[in-house]
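In terms of this note's numbering, the sequence shown opens at residue 1 and continues consecutively. Built from N, CA and C at the ideal position, the CB exists for glycine as well. See structure below.
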Amino acid sequence: MNLRVWKWQFWQQIVLSLVLGVAVGALIHNLSDNGKATAEDWLDPFGDVYISLLKIVVVPLVFAAIVVSVGRLRNVGSVARLTGKTLGWFVVTSAIATAIGLAVALIIKPGKGLGKLANETTETEPVTWTQVLHNLFPSNIIKAMGDGNVLGVVTFAVLFGAALVAIGERGERITGIIDDLYLVMQKAVWWVVRLTPIGSFFLIGSVVATYGPSSLEPLAKFTGAIYLAVAIMLLLGYPILLQVFGRVNPLKFLRNSWPAIEFAFVSSSSIATLPIAQRVSIERNGVQPEYANFAQPLGATIKFDGCGAIYPAVAAIFVAQYTGVSLGIADYALIALAAVIGQLGTGGTPGPALVALTLTLTTVGLPLQAVGYLIAIDKVIDMARTALNVTGQLTVPVLVAKSEGLLDEDIFNSKPVELTSTEADETRDRPRREPPPEPAPA
């Protein structure tokens, strides 16, 4: 075996970093008087820098990708039909995830038989449709970019791209400039992505150092319910949809999508995973770039099967059981409705899982104070939630692309390319613009 780690494949480097991170985190937790303080002082800063580097380039990447893809979607199919199918599958998969979450919670009963839990303080505010509209249509796009309101950036980019198409030749010149910006941002993103093994070490090390096994004991059933529901959706829900409706091999899909799923688990951020997910969708799953560059950013802003479907469903049942509130069929229906529709309200807001849970509990009339019981283990379950988010965001483009003839099955079925290679920057990521024809001789 080659001992030069930098020569290993990318996924092997990440696995090594995860193993080392877990080992170092366990040592800190067991040997330090205060593992959480040690993690905050020595591990969190480096992990936060890595995530910040990714997030700082994601917003301009999303803007450029959406603007360019809006014009190109006209060449591959009806924009309205593609958008409608994408949103339709978002709703269907979210409904399935919510149903799985409810079923698992009702069987496991995570809130039964618990003693008094430590209630960490947290500020929660009900999500209103006014907030959703403000996220969708920000009054200041520069401020929206600075605040990380990616949903607002997507809305503006769609409007901007449609306007460029409408003005004709002048719009094409501006589109060309934004196309070049997209290529520049891709290159910047992949410089940062090469640091993933280092960032993974600090991120996972911080989690293990902060939360020891003893901290999970009171909420072990709740944590287990979340992970079980996530596993069912990831290993059964999506694969069945891909097999039945997409007519593609679900095992190959999981193999192709693994780099993005793995990174989502470590980073706990769908937005930070977007550059990897977008490249996986195009280079490994074979989704046509014009559509993938539209669907992936859209999914990263409003498609949260882990945070917005399974988590609020399981947590609502937990809160009801813990506080002794009886729920009926109508309450379960309201939980499902709030989880499916309310995902739109989580886009562009910090802590989407907490926002989704607050909306669900408010809808059913359960006490918001109980949210504080779950804060202590939020980071542990957030890794599973985000991995499922990203898996769903990758599944829907494959389903839609297959139905629209936009899926390259040769790429999908071939041996996965190494994502750290630069070859795809110039070949698969985007069609190259042809140079202008030379003037005819006089």
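DSSP state of residue i mapped onto helix, strand, coil
| i | result |
| --- | --- |
| VAL287 | strand |
| LYS402 | helix |
| LEU43 | coil |
| LEU327 | coil |
| LEU195 | coil |
| LEU354 | helix |
| LEU298 | helix |
| LEU407 | strand |
| ILE178 | helix |
| ASP305 | coil |
| GLU262 | helix |
| SER268 | coil |
| ASP48 | helix |
| ILE167 | coil |
| GLY392 | helix |
| PRO138 | coil |
| ALA6 | Residue identity check: residue 6 is Trp in the sequence provided, not Ala. Residue state, collapsed to three classes: helix. |
| ASN34 | coil |
| LEU106 | helix |
| LEU251 | helix |
Span separating the alpha-carbon of residue i from that of residue j
| i | j | result |
| --- | --- | --- |
| ASN135 | PHE222 | 31 Å |
| LEU254 | LEU388 | 12 Å |
| ALA144 | ASN285 | 31 Å |
| TYR332 | PRO312 | 11 Å |
| GLY199 | GLY324 | 42 Å |
| LYS448 | GLN288 | Because the chain spans 1 through 442 in this model, residue 448 falls outside it and cannot be assessed. |
| PRO431 | ASP44 | Residue placement at PRO431 is flagged as unreliable, the pLDDT there being 44, under the threshold of 50; the coordinate-derived value follows with that caveat. Going from the Cα of PRO431 to the Cα of ASP44 covers about 39 Å. |
| GLN12 | GLN278 | 21 Å |
| SER326 | ALA97 | 23 Å |
| LEU334 | LEU151 | 25 Å |
| ILE66 | GLY161 | 7 Å |
| ALA99 | THR86 | 20 Å |
| ASP147 | LEU337 | 28 Å |
| LYS379 | GLY306 | 13 Å |
| GLN296 | LEU219 | 34 Å |
| ILE317 | ALA105 | 6 Å |
| THR38 | ILE204 | 14 Å |
| LEU274 | VAL59 | 10 Å |
| GLU40 | LEU20 | 18 Å |
| ALA118 | LYS112 | Confidence in ALA118 is poor, its pLDDT being 48 and thus under 50, which makes the residue's placement too unreliable to answer from. |
| PHE46 | SER78 | 45 Å |
| TRP258 | ILE276 | 10 Å |
| VAL443 | ALA225 | Because the chain spans 1 through 442 in this model, residue 443 falls outside it and cannot be assessed. |
| LYS109 | LEU374 | 15 Å |
| GLY365 | ARG385 | 24 Å |
| PHE294 | LYS415 | 25 Å |
| THR196 | LEU181 | 23 Å |
| ALA260 | VAL280 | 7 Å |
| VAL244 | VAL154 | 31 Å |
| ALA353 | ALA264 | 15 Å |
| GLU283 | LEU53 | 23 Å |
| THR83 | VAL68 | 16 Å |
| ALA292 | ARG72 | 11 Å |
| ALA103 | TRP8 | 42 Å |
| VAL5 | ILE14 | 11 Å |
Counted within 10 angstroms of its Cβ, other Cβ atoms place residue i as buried (16 or more) or exposed
| i | result |
| --- | --- |
| ALA166 | exposed |
| ILE142 | exposed |
| GLN186 | buried |
| VAL396 | buried |
| LYS402 | buried |
| ARG81 | exposed |
| ASN140 | exposed |
| GLU262 | buried |
| ILE240 | exposed |
| ALA23 | exposed |
| ARG173 | exposed |
| ILE28 | buried |
| GLN321 | buried |
| ASN149 | buried |
| ASN413 | exposed |
| VAL193 | buried |
| ALA394 | The sequence as given places Leu at residue 394; Ala does not occur at that position. Looking at its Cβ environment, which holds 16 or more other Cβ atoms inside 10 Å, LEU394 is buried. |
| ALA163 | exposed |
C-beta neighbour in chain B for residue i, strict 8 Å
| i | result |
| --- | --- |
| VAL380 | As a matter of chain content, chain B is missing from the structure shown, which is built from one protein chain. |
Whole-number beta carbon distance between residue j and residue i, since they are thought to touch under 8 Å
| i | j | result |
| --- | --- | --- |
| VAL319 | PRO367 | 7 Å |
| LEU234 | LEU399 | About 15 Å; that fails the 8 Å criterion. |
| SER268 | MET383 | 5 Å |
| GLY392 | TYR238 | 7 Å |
| ILE310 | ALA229 | 5 Å |
| VAL57 | VAL189 | 5 Å |
| GLY308 | ALA339 | 6 Å |
| SER206 | GLY25 | 7 Å |
| LYS55 | ALA209 | Not really, about 23 Å apart at Cβ, beyond 8 Å. |
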